[in-house]
Amino acid sequence: MDFGKIELTEAQRAFWREVSDFFDEHATEEVFEEERRTGSGHNHALHKALGERGWILPTWSVEEGGAGLDPVREAILTTERRRRDVPDVTLSTTAMTVPVVRAYGSDTLREKVLPGVAAGDINICLGYTEPDGGSDLAGVRTRATRTDDGWIINGAKMFTTGAHNCQYSILVTRSNPDAPKHRGITIFLVPLDRPGVEIQPVHTLGGERTNAVFYDNVFVGDDHRLGPVDQGWAVMSAPLEVEHGVLEADGYSELNGSTYGWTLQKLLWHATSWANATAPDGGTPLDDVLVKYKLAEIATDVELIRNVPGPMGRVISSELLISRSAELLDLVGPVALLPRGAEGAVEDGELEWSHRFAQGTAIYGGTTDIARNIVAQHNLRLPRAPKFG
């Protein structure tokens with residue numbers, strides 16, 4: 001394995017300048033202020049501009065609506081986008097779902113949906129978690145009842161991030177209540193503008209908006225079914241494996257288990273800025289050897305996370321973000337707890353926000369305990385843990 005740095009060609013450097021200029025133009029302060037206010041994870045104008053460049057699914061061919069980027073150029077685009085910290089949660093959930101639509105959708109459904117995804121006109125969310133289900137996705141209770149010309153859906157989903165920005169949801173339903181737990185599941189691509197769909201906001205500790213989505217006698221045609229009836233477990237696994245870092249998203253390989261490493265990198269930048277600020281006595285926090293040591297530790301963590309793939313990276317990036325954000329609060333002192341906009345807030349509240357945000361990363365897309373099971377089964381090829389009780 002080669003851990004050396006890649007020397008970019010002049011053409012690749014020119015592409016980086018193009019990407020940087022793009023975000024200078026479109027990732028404006030107004031975009032970030034809207035995100036701080038709403039926690040929506042999406043800006044329509046920015047998303048549409050990405051689609052016009054083919055940068056929503058950048059490795060797809062130009063004919064498919066992508067940009068045909070090679071891995072290096074894709075990495076450049078991803079690095080600059082993440083460095084700018086642009087609101088892109090809805091882009092990410094959409095990218096997770098694309099492999100399922102491509103693999104299991106009918107020809108008509110693919111032709112209807114996928115070009116709009118690439119263009120930035122269509123977004124898709126994941127309707128998986130239920131109010132009482134937690135990480136037990138096989139315990140789905142949302143019912144899909146077959147009719148002569150389609151299906152009637154009733155139930156509720158929780159933590160459907162991006163639903164208010166999306167046109168469709170990949171919905172996990174129980175189509176056969178008499179079947180074993182992991183069977184009798186059918187997946188649909190449900191239009192969210194259908195009568196009977198209600199989306200209610202849920203705001204997290206980290207200031208993000210997610211949603212509760214209710215389905216009351218929602219009709220869906222059978223042409224919106226993804227995969228075979230009662231065999232949806234394999235279908236629903238693909239987006240989860242992308243989120244856990246087992247697979248890459250179709251045309252968007254940035255999605256992996258190390259995503260939270262970017263948040264740790266951002267935290268390091270702000271902590272370093274604080275450490276270099278001149279105090280009234282003329283010194284800086286960086287004069288303290290303990291501050292130097294802690295920042296060096298976090299910098300080492302950031303480099304470590306960059307080289308940890310898939311589900312292993314999902315575990316370590318989350319747990320390091322949680323622990324390091326807490327340690328920095330202790331290091332900086334009580335003023336680190338002041339939020340954005342408060343007088344005297346360190347780095348305008350970024351340290352305080354990072355610690356709040358970090359807590360949720362332990363459960364996003366399944367808990368870190370589930371991720372450890374994935375490492376054991378997929379990477380170490382260990383048998384499943386025995387069930388007790």
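In terms of the UniProt record's numbering, the sequence shown opens at residue 1 and continues consecutively.
The beta carbon of each residue, even a glycine, is placed where N, CA and C say it ideally should be.
For residue i, the three-state DSSP class (helix, strand or coil)
i	result
glutamate 35	helix
tryptophan 60	coil
aspartate 222	helix
threonine 300	helix
glycine 127	strand
threonine 97	helix
leucine 171	strand
arginine 183	coil
threonine 90	helix
threonine 79	helix
aspartate 216	strand
histidine 378	helix
arginine 384	coil
serine 253	Residue placement at serine 253 is flagged as unreliable, the pLDDT there being 47, under the threshold of 50; a coordinate-derived value is accordingly withheld.
Residues near residue i in its chain [Cβ-Cβ closer than 6 Å; skip 5 each side]
i	result
alanine 212	Met158, Gln200, Val202
tyrosine 104	Leu226, Gly227, Val235
glutamate 35	Pro87
glycine 206	Arg356, Phe357, Gly360
histidine 26	Leu46, Ala49
tyrosine 128	Leu137, Val172
serine 253	Confidence is the limiting factor: at serine 253 the pLDDT is only 47, short of 50, which leaves the residue's position unreliable and the question unanswerable from this model.
alanine 376	Leu382
glutamate 74	Pro58, Thr59
threonine 142	Gly155, Thr173
Extent of the continuous alpha helix (DSSP H) run through residue i
i	result
alanine 275	260–275
proline 115	107–119
asparagine 373	368–374
alanine 49	44–53
histidine 26	10–26
tyrosine 364	Premise fails: tyrosine 364 is in no alpha helix (DSSP H) and is neither H nor E.
valine 332	310–332
leucine 337	Counting along the chain, leucine 337 falls outside any alpha helix (DSSP H), and DSSP gives it neither H nor E.
arginine 356	350–360
8 Å CB neighbourhood of residue i in its chain, flanking five on each side removed
i	result
valine 72	Ile6, Leu8, Gln12
glycine 341	Asp348, Gly349
asparagine 351	Correcting the residue type first, residue 351 is leucine in the shown sequence and not asparagine. Taken in chain order, the residues that qualify are Leu267, His270, Ala271, Trp274, Ser325, Leu328, Leu329, Val332, Ala336.
arginine 194	Val218, Phe219, Val220
Whole-angstrom distance between residue j and residue i, CA atom to CA atom
i	j	result
glycine 349	alanine 336	7 Å
leucine 189	isoleucine 170	5 Å
residue 399	alanine 345	The requested residue 399 is not part of the displayed model; the chain covers only 1 to 389.
glycine 120	histidine 182	34 Å
aspartate 281	glycine 333	18 Å
asparagine 217	histidine 164	20 Å
glutamate 130	isoleucine 153	14 Å
proline 285	alanine 279	8 Å
arginine 17	tyrosine 215	46 Å
histidine 44	glycine 68	23 Å
arginine 209	glycine 134	18 Å
residue 392	threonine 93	Limits of the chain in this structure are 1 at one end and 389 at the other, which puts residue 392 out of reach.
threonine 367	valine 113	31 Å
phenylalanine 219	phenylalanine 23	41 Å
leucine 126	alanine 14	36 Å
isoleucine 124	glutamate 198	16 Å
glycine 150	threonine 108	16 Å
isoleucine 305	tyrosine 293	19 Å
glycine 116	valine 291	49 Å
glycine 41	aspartate 148	39 Å
threonine 204	valine 89	14 Å
leucine 380	alanine 118	36 Å
proline 339	arginine 37	13 Å
proline 64	valine 98	The amino acid at residue 64 is misidentified as proline; the sequence shows glutamate. Roughly 13 Å between the two C-alpha positions.
tryptophan 353	isoleucine 56	28 Å
arginine 53	alanine 385	46 Å
Start and end residues, beta strand (DSSP E) containing residue i
i	result
isoleucine 152	150–157
glutamate 198	197–203
alanine 144	143–146
Contacting residues, own chain, Cβ-Cβ under 7 Å from residue i (five flanking each side not counted)
i	result
valine 19	Ile76, Leu77, Glu80
proline 191	Gln167, Tyr168
threonine 186	Ala144, Thr173, Ser175, Arg225, Val229, Asp230, Gly232
tyrosine 260	Ser317, Ser318, Leu321, Thr361
alanine 179	Asp230
asparagine 276	Thr284, Leu286
isoleucine 370	Ser135
valine 302	Gly261, Leu264, Gln265, Leu268
Per DSSP, cross-strand counterpart(s) of residue i
i	result
proline 191	Tyr168
threonine 278	Its beta-bridge partners do not exist; DSSP assigns none.
asparagine 211	Pro201
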